[in-house]
């Protein structure tokens, strides 16, 4: 009876170790995918911020100042940057998302002034 119990416990220990190894492998894979997604969205967000700044500079030029089309394009770009930032924050684990939220809040308070 004790040898049967030893075999069962040994089998369960092996299964538990293998299960933990699979979980670690899966978590590493998910983290790598999340990191890749974060990098891609960071690059996209930075490109959009550069585009937004460029449109803002064009809008400030005397020849285009007050142009409704550029103003609408500027608002649309801001909305797009916010949407992608929200999308990005949905995939970030930890404090990095809060850093982006703070940047966005600072940007929106500057716009209101």
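In the numbering used here, the protein residues as written are 33 to 145.
Built from N, CA and C at the ideal position, the CB exists for glycine as well.
Are residue i and residue j close, meaning C-beta to C-beta below 8 Å?
i: residue 86; j: residue 106; result: no
i: residue 80; j: residue 109; result: yes
Would residue i be called buried (16 or more neighbouring beta carbons within 10 Å of its own) or exposed?
i: residue 120; result: buried
i: residue 66; result: exposed
i: residue 51; result: exposed
i: residue 117; result: buried
i: residue 73; result: buried
Determine the extent of the alpha helix (DSSP H) in which residue i is found, giving its start and end residues.
i: residue 28; result: The shown model of the chain, from 33 to 145, leaves out residue 28, and the question about it has no answer.
i: residue 122; result: Note, residue 122: premise wrong, no alpha helix (DSSP H); not H, not E.
Quick check: is the beta carbon of residue i nearer than 8 Å to any beta carbon in chain B?
i: residue 111; result: The structure shown contains no chain B; it is built from a single protein chain.
Sufficient close CB pairs (3 or more, under 8 Å) joining the stretch 73-88 to the stretch 101-118
yes
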